[in-house]
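For the sequence shown, the UniProt record's numbering gives the first residue as 1, with consecutive numbering after it.
We treat Cβ as the ideally placed atom computed from N, Cα and C, and that holds for glycine.
Everything numeric in this text was worked out from a predicted model, so none of it was measured.
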Amino acid sequence: MSEQYDPKALQEKWQPRWEELDPFRAEESADDPRPRKYLLDMFPYPSGDLHMGHGEAFAIADVLARYWFHKGYNVLHPIGWDSFGLPAENAAIKRNAHPAEWTYSNIDTQAASFRRYGISFDWSRRLHTSDPEYYRWNQWLFLRFYERGLAYRKDGLVNWCPQDQTVLANEQVVNGRCERCGTEVVRRKLTQWYFKITEYAQRLLDDMAQLEGGWPERVLTMQRNWIGRSTGADVQFRIEGREEPVTVFTTRPDTLYGATFFVIAADSPLAEEVCAPDRRADLEAYRAEVAKLSDIERLSTEKEKTGVFLGTYAINPVNGERLPVWAADYVLADYGHGAIMAVPAHDQRDLDFARKFGLPVRVVVDTGEPDPAETGVATPGEGTLVNSGPLNGLSKSEAIAKIIEILEEQGTGKAAVNFRLRDWLVSRQRFWGTPIPIIHCPDCGEVPVPDDQLPVTLPDLRGEALAPKGISPLAGATDWVNVDCPKCGNPAKRDTDTMDTFVDSSWYFLRYISPHHEEGPFDVERVRKWLPVDQYVGGVEHAVLHLLYSRFFTKVLYDMGLVDFTEPFTRLLNQGQVINQGKAMSKSLGNGVDLGEQIDKYGVDAVRLTMVFAGPPEDDIDWADVSPGASQKYLARALRVMTEAGAASEPGISFENGDLELRRITHRTIDEVTRLVESYRFNVAVARMMELTSAIRKAIDSGPGAADPAVREAAEALAIMLSLVAPYVAEEGWERLGHGPTITRVPWPEADPALLVVESVTCVVQVAGKVRDRLEVSPDISESELQALALASQKVQAYLSGEPRKVIVRAPKLVNIVP
Numbered sequence: 001m002s003e004q005y006d007p008k009a010l011q012e013k014w015q016p017r018w019e020e021l022d023p024f025r026a027e028e029s030a031d032d033p034r035p036r037k038y039l040l041d042m043f044p045y046p047s048g049d050l051h052m053g054h055g056e057a058f059a060i061a062d063v064l065a066r067y068w069f070h071k072g073y074n075v076l077h078p079i080g081w082d083s084f085g086l087p088a089e090n091a092a093i094k095r096n097a098h099p100a101e102w103t104y105s106n107i108d109t110q111a112a113s114f115r116r117y118g119i120s121f122d123w124s125r126r127l128h129t130s131d132p133e134y135y136r137w138n139q140w141l142f143l144r145f146y147e148r149g150l151a152y153r154k155d156g157l158v159n160w161c162p163q164d165q166t167v168l169a170n171e172q173v174v175n176g177r178c179e180r181c182g183t184e185v186v187r188r189k190l191t192q193w194y195f196k197i198t199e200y201a202q203r204l205l206d207d208m209a210q211l212e213g214g215w216p217e218r219v220l221t222m223q224r225n226w227i228g229r230s231t232g233a234d235v236q237f238r239i240e241g242r243e244e245p246v247t248v249f250t251t252r253p254d255t256l257y258g259a260t261f262f263v264i265a266a267d268s269p270l271a272e273e274v275c276a277p278d279r280r281a282d283l284e285a286y287r288a289e290v291a292k293l294s295d296i297e298r299l300s301t302e303k304e305k306t307g308v309f310l311g312t313y314a315i316n317p318v319n320g321e322r323l324p325v326w327a328a329d330y331v332l333a334d335y336g337h338g339a340i341m342a343v344p345a346h347d348q349r350d351l352d353f354a355r356k357f358g359l360p361v362r363v364v365v366d367t368g369e370p371d372p373a374e375t376g377v378a379t380p381g382e383g384t385l386v387n388s389g390p391l392n393g394l395s396k397s398e399a400i401a402k403i404i405e406i407l408e409e410q411g412t413g414k415a416a417v418n419f420r421l422r423d424w425l426v427s428r429q430r431f432w433g434t435p436i437p438i439i440h441c442p443d444c445g446e447v448p449v450p451d452d453q454l455p456v457t458l459p460d461l462r463g464e465a466l467a468p469k470g471i472s473p474l475a476g477a478t479d480w481v482n483v484d485c486p487k488c489g490n491p492a493k494r495d496t497d498t499m500d501t502f503v504d505s506s507w508y509f510l511r512y513i514s515p516h517h518e519e520g521p522f523d524v525e526r527v528r529k530w531l532p533v534d535q536y537v538g539g540v541e542h543a544v545l546h547l548l549y550s551r552f553f554t555k556v557l558y559d560m561g562l563v564d565f566t567e568p569f570t571r572l573l574n575q576g577q578v579i580n581q582g583k584a585m586s587k588s589l590g591n592g593v594d595l596g597e598q599i600d601k602y603g604v605d606a607v608r609l610t611m612v613f614a615g616p617p618e619d620d621i622d623w624a625d626v627s628p629g630a631s632q633k634y635l636a637r638a639l640r641v642m643t644e645a646g647a648a649s650e651p652g653i654s655f656e657n658g659d660l661e662l663r664r665i666t667h668r669t670i671d672e673v674t675r676l677v678e679s680y681r682f683n684v685a686v687a688r689m690m691e692l693t694s695a696i697r698k699a700i701d702s703g704p705g706a707a708d709p710a711v712r713e714a715a716e717a718l719a720i721m722l723s724l725v726a727p728y729v730a731e732e733g734w735e736r737l738g739h740g741p742t743i744t745r746v747p748w749p750e751a752d753p754a755l756l757v758v759e760s761v762t763c764v765v766q767v768a769g770k771v772r773d774r775l776e777v778s779p780d781i782s783e784s785e786l787q788a789l790a791l792a793s794q795k796v797q798a799y800l801s802g803e804p805r806k807v808i809v810r811a812p813k814l815v816n817i818v819p
C-alpha cells in the first residue's frame with residue numbers, strides 16, 4: 001500500500017465506508033451495559049455552507065465525542081438545524097421564492113459538508129425546526145404555558161425596525177440601529193405575546209449553584225447580571241390629583257429624606273396620566289424623541305440628561321414634601337414600576353439631571369466626601385445618616401431596616417425584591433416562524449387552538465407576499481387567517497404573529513432523544529435516561545439569552561412533570577472565534593477565509609488539526625498565524641510511521657519485550673493525553689501526539705527498528721489518539737496496521753502505571769549561567785539534597801572559589817549557582 005498521503009483520496013475512501021458502517025448511532029437497547037453520555041453542539045443556522053466558525057466549534061466538540069466512544073460510553077451526538085428565521089424570509093423576497101426553498105437547499109449543502117468534515121453525528125436523529133413535525137410541539141408547549149399563565153398578551157413598548165418591519169430583541173439593537181440592516185430603531189407600542197420568565201427569576205439564580213465548576217464563571221456572571229436581583233423596598237408616593245398611589249422600588253430606602261424630585265419614564269402610560277393639561281404638548285414632543293432611542297442608549301451614563309416637567313407633584317410619604325414630577329428617558333417603563341424617587345446627592349444620574357434642570361441637592365448620608373452639589377460627583381457609598389429625622393446617626397443597614405419598619409407601620413411601603421430581568425417577548429411580525437396557536441374571537445376572546453388541530457401550518461406565501469408591511473405577512477393570507485372559533489363556531493381570526501426562534505432552540509435538545517415521537521414533544525422515559533446533557537459546546541455569544549431561555553423551559557417542564565432535572569446542561573464549553581489578521585472576518589475587510597477552500601487545499605484532517613492545535617478552545621484563532629500546511633506535513637509523517645509499523649509486524653503481538661524507553665514514552669503520552677483531553681487542553685494533547693510521532697520515527701530510523709513490538713504499540717496508540725482530531729488519517733493508519741474498520745469503537749489505550757514511573761531525571765547544573773555538569777537524580781529529590789549534590793560535583797567545584805553568593809534550586813531539573 002502506498003505511503004503517499006493524499007487527503008482527498010482518503011476522504012473519498014472512508015466517507016462512504018463510515019456512512020455504510022454508521023458507527024456513531026446511539027444505542028437505545030436496555031441490554032446495552034455501557035454508561036450513557038450526551039454531547040450537544042449548538043445547532044447551526046442554514047444561511048449557506050459551513051464557515052470557519054463551524055469548522056472550529058464542531059472540531060472541538062468532536063474531540064470529546066470520539067474520546068467518549070473510545071472510552072466505552074454509549075454516546076449521543078446528534079445534529080439538526082435551527083431553520084426558521086428572518087434571513088430566509090429576506091432571501092425569499094429577493095428571489096421571489098418560498099423561504100423553505102432557500103432553507104432546505106442550504107441544509108442539504110451543510111449536511112454534505114458535515115459528512116465530509118467527518119463529525120461523529122448520529123444522523124438518525126436529524127431534525128429541522130422548520131418542519132411541521134417539530135414546530136407542532138412548539139405550539140403544544142405554548143398552549144401548556146398559556147394554561148399555566150406563563151404565556152400572555154399585553155400592550156408594550158418594543159424595539160421596532162422600520163426597514164425589516166419587525167420587533168427586535170434588545171440584543172439585536174446595536175448603537176440604536178438594527179443589527180441586520182443598520183436602520184435606526186424606534187420604540188413602538190404593540191400588542192405582543194410574552195412568556196413570564198420573571199416568575200422563575202429567583203430559581204434561575206438559585207439553581208446556578210448546580211452549574212458552578214461546570215460552566216465558565218464569566219457565563220454565570222453574565223446571567224446573574226442579566227437577571228439582576230436587587231433588594232430594597234417598594235415605597236408608595238401619592239401624586240396630587242391621582243387617587244391611586246404610585247409605587248417606586250428603591251435599593252436605598254434609607255435615602256428617602258434626600259428625595260428632591262420624582263421621575264416617571266417618558267413612554268410610560270403613567271406619564272400621560274399624571275401630566276397637567278398645559279404640559280401635554282411638551283410631553284408628546286419629548287416622547288417622540290425618546291422613541292428613537294434604544295434602552296441601552298437611554299441608560300448610558302454618557303448621554304446628556306433630558307426631560308420635561310409634568311406640572312404636577314408627588315408627596316414624599318416620610319416627610320410630606322411636594323416633589324416636582326418629571327418625565328425623563330433615563331427611567332424605563334418596564335423596570336420596577338416605571339417611576340423613581342430621585343436622590344441627586346447619592347445617585348449620579350439623578351445628580352446629572354438635577355444639575356441640568358436646577359433642582360435641589362440634599363445630602364442625607366455623610367460619607368466624608370465633598371458636597372455633591374459643589375463637585376458634581378454623587379456619593380453613593382456607606383456613611384452615617386443626616387438630615388433624615390428618625391434615621392439620623394444610623395448606618396446604612398440600620399437605616400434601611402428602620403425606614404422599612406416605619407413604612408410598614410404607615411402602610412406606605414414594604415421590603416421588596418426586584419429583578420432587572422423582563423418577561424420574554426416571543427411574538428414576531430414575520431412569516432418564517434412557528435404560528436402562534438391562538439384564535440381571536442369577537443365573542444370568546446383568546447381561544448387556544450385545540451391540540452388535535454395542531455400543527456397550525458404556514459400557508460404557501462412567497463416573494464412579494466412576504467415583504468414588510470408593518471404587520472405580519474400572515475395577515476394578508478385571508479383564507480388562512482379567517483377561521484371558525486373552536487368554542488362558539490362564529491367567525492374568528494388566527495393570531496398572525498409567529499414565535500421568536502429562541503423558542504425553537506429552548507428545547508431542541510429534548511427532541512433529539514426521540515425526534516419522530518408523535519405522542520408528545522419527546523419521549524419522557526427516554527429523556528430521563530439521557531438527560532441532562534453531559535457536555536454542551538458553542539459560542540459565548542449565546543451566554544445569556546439562549547442559555548437562559550433553555551434553563552427557563554427546563555424548569556417549566558420540570559414543574560409539568562415531564563423532566564426530572566432542573567438544569568439542562570451539566571457542563572458548558574465556549575469556543576473562541578476564528579479571525580484573520582487580528583480582526584473578525586468580513587467581506588468589507590477582504591480578510592474572509594472560506595472553509596471549503598481550505599479543506600480542498602489541505603484536506604479535512606489538516607484543517608481540523610489546525611483548529612484544535614491553535615490554542616485553548618476558548619481562545620480566538622487568528623488564521624493568519626496558523627499553518628494548515630504544517631499540519632498536513634505532520635499528518636503525512638504520522639501516517640508514514642503507522643504504515644511502516646504495520647508493514648514490519650503483525651497485529652496481536654506482545655508488547656512486553658519491546659524497547660523499554662519507547663514504551664515509557666508511549667505510556668506517558670497516553671496518560672498525559674487522557675488527562676489533557678478531560679481538562680479541555682486539546683492543543684497540548686496534540687503536541688504530545690506530535691512528540692510521540694517523533695519518538696516513533698527515531699525508534700524506526702536509529703533505534704530498534706520498525707519491527708520492534710514497542711513501535712507497533714506506539715503506532716497503534718497514536719492512531720487511536722489521533723482519531724480525535726484527524727479521523728481520516730487515523731482510520732487509514734489503523735487499516736495499514738492490519739486492523740479492520742472502524743477505529744472509532746476501539747477501546748482507548750490504558751497507561752501501564754509501572755511504565756509511568758520515572759527512575760531518574762537529568763538535572764542541569766549551571767555556574768554563572770553556563771552548564772558545568774549533568775546529574776542523574778531521583779525525581780523525588782529534595783531541594784536541599786539536590787543543592788548538596790550539585791555543590792559536591794568536581795566539575796562544579798572547578799569553577800568555584802569559596803562559598804557561592806547564591807544557589808537557585810528548581811528540583812529535580814535545575815540548579816543555578818551564582819559564584
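Rounded C-alpha distance that separates residue i from residue j
i: Val-343; j: Lys-356; result: 14 angstroms
i: Ile-670; j: Asp-594; result: 35 angstroms
i: Ala-288; j: Val-503; result: 32 angstroms
i: residue 826; j: Trp-123; result: Outside the modelled stretch of the chain, which goes from 1 to 819, sits residue 826, for which no answer is possible.
i: Gly-320; j: Cys-488; result: 55 angstroms
i: Ser-2; j: Glu-661; result: Legend: pLDDT at Ser-2 = 42, less than 50; position of this residue unreliable, no value from coordinates given.
i: Glu-691; j: Ala-111; result: 35 angstroms
i: Leu-609; j: Val-544; result: 30 angstroms
i: Val-481; j: Pro-435; result: 11 angstroms
i: Gln-577; j: Thr-674; result: 26 angstroms
i: Arg-17; j: Pro-7; result: 16 angstroms
i: Arg-422; j: Ile-227; result: 8 angstroms
i: Ile-406; j: Ser-388; result: 13 angstroms
i: Ala-492; j: Asp-484; result: 5 angstroms
i: Val-27; j: Gly-72; result: What sits at residue 27 in the sequence shown is Glu, not Val. Cα-Cα distance, rounded: 12 angstroms.
i: Leu-385; j: Glu-408; result: 20 angstroms
Counted within 10 angstroms of its Cβ, other Cβ atoms place residue i as buried (16 or more) or exposed
i: Gln-453; result: exposed
i: Met-689; result: buried
i: Cys-181; result: exposed
i: Ser-268; result: buried
i: Asn-225; result: exposed
i: Val-758; result: exposed
i: Gln-794; result: exposed
i: Asn-159; result: buried
i: residue 867; result: Lying before the first or after the last residue shown, residue 867 is absent from the chain, which here runs from 1 to 819.
Cβ pair residue i, residue j closer than 9 angstroms
i: Leu-21; j: Pro-741; result: yes
i: Lys-396; j: Gly-383; result: yes
i: Thr-250; j: Ile-340; result: yes
i: Asp-131; j: Ile-79; result: no
i: Leu-86; j: Gly-603; result: no
i: Leu-737; j: Arg-668; result: no
i: Trp-102; j: Ala-88; result: yes
i: Gln-223; j: Leu-547; result: yes
> For the 8 angstroms Cβ check, are there 3 or more pairs between the stretch 142-160 and the stretch 38-54?
Replying inline: Touching, no.
> Within the chosen definition, does the stretch 639-658 reach the stretch 688-700 through at least 3 CB pairs nearer than 8 angstroms?
Replying inline: Yes, since at least three Cβ pairs between the stretch 639-658 and the stretch 688-700 fall closer than 8 angstroms, the two stretches touch.
> Just checking, does the stretch 436-444 make contact with the stretch 468-488 on the three C-beta pairs under 8 angstroms criterion?
Replying inline: Output reads yes: the stretch 468-488 touches the stretch 436-444.
> In chain order, which beta strand (DSSP E) runs of at least 3 residues are fully inside the stretch 422-490?
Replying inline: You should have 438-441, 445-448, 482-484.
> Counting pairs of beta carbons, one from the stretch 708-717 and one from the stretch 731-751, are three or more of them closer than 8 angstroms?
Replying inline: In this structure the stretch 708-717 touches the stretch 731-751; the number of beta carbon pairs closer than 8 angstroms is three or more.
> Using 8 angstroms as the Cβ pair cut-off and three pairs as the minimum, do the stretch 525-532 and the stretch 558-567 touch?
Replying inline: Yes, the stretch 525-532 is in contact with the stretch 558-567.
> Is it true that the stretch 466-476 meets the stretch 80-96, where meeting means three or more beta-carbon pairs spaced less than 8 angstroms apart?
Replying inline: Contact between the stretch 466-476 and the stretch 80-96 is established, with three or more Cβ pairs separated by less than 8 angstroms.
> Can you list the beta strand (DSSP E) stretches of 3 or more residues lying completely in the stretch 23-86, in chain order?
Replying inline: You should have 36-41, 74-76.
>> Extract the residue ranges of the alpha helix (DSSP H) inside the stretch 507-575, only unbroken runs of 4 or more that lie entirely within it.
In response: DSSP runs (the alpha helix (DSSP H)) wholly in the stretch 507-575: 508-511, 524-530, 545-559.
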